[in-house]
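**Student:** Numbering (the working numbering), first residue to last: 75 to 176. Please read through the structure below; I'll follow up with questions.
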């Protein structure tokens with residue numbers, strides 16, 4: 075951290091404290107709006123200077139996409155055969171019903 079950045083951070087903190095004190099004083103009626111406006115300007119200047127001097131924030135890495143889950147070949151084959159069995163048993167049951175009805 076450079077000394078210039080340290081000074082900017084100190085100015086930022088001082089401006090933040092002055093703004094807070096000005097707002098609290100205005101609540102007690104001991105301060106007017108001019109003091110608050112000036113402290114806001116000082117705070118904004120200090121904030122801009124700190125942003126200018128601070129190193130850029132690291133861009134967070136994108137999360138990796140979730141891996142595609144593929145069924146095991148044996149699982150896929152069993153699923154395919156169960157579909158065929160269901161279809162065939164349905165056809166067989168319908169044929170039996172038709173034979174008994176006639």
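Using N, Cα and C, we set each Cβ at its ideal position, and we do this for glycine too. Keep in mind the model is a prediction, meaning the values are calculated, not measured.
(1) Cutting at 8 angstroms between CB atoms, please list the residues of its own chain near residue 76, excluding the five before and the five after it.
(2) If you drop the 5 nearest sequence neighbours on each side, which residues of the same chain put their C-beta closer than 8 angstroms to that of residue 93?
(3) Let me make sure I understand the geometry here. Which of 136, 156, 149 and 87 has the alpha-carbon closest to that of residue 120?
(4) Given this structure, state the Cα-to-Cα distance separating residue 161 from residue 152, to the nearest angstrom.
(5) Under a three-way DSSP split, which group does residue 78 fall into?
**Tutor:** Let's see:
(1) For the purposes of this step, residue 76 is taken as the residue at position 2 of the chain shown. Counting only Cβ-Cβ distances below 8 angstroms, and skipping sequence neighbours, we find 127.
(2) Here residue 93 refers to the residue found at position 19 when the chain shown is read from its first residue. Answer for residue 93: 110, 113, 114, 116 and 117, listed in chain order.
(3) Taking the first residue of the chain shown as 1, we reach residue 120 at position 46. For the residues 136, 156, 149 and 87, the minimum Cα distance to residue 120 belongs to 87.
(4) In the chain shown, the residue the question calls residue 161 occupies position 87. In the chain shown, the residue the question calls residue 152 occupies position 78. Cα-Cα distance, rounded: 14 angstroms.
(5) Position 4 of the chain shown, counting from 1, holds the residue named residue 78. DSSP places residue 78 in helix when its eight states are reduced to three.
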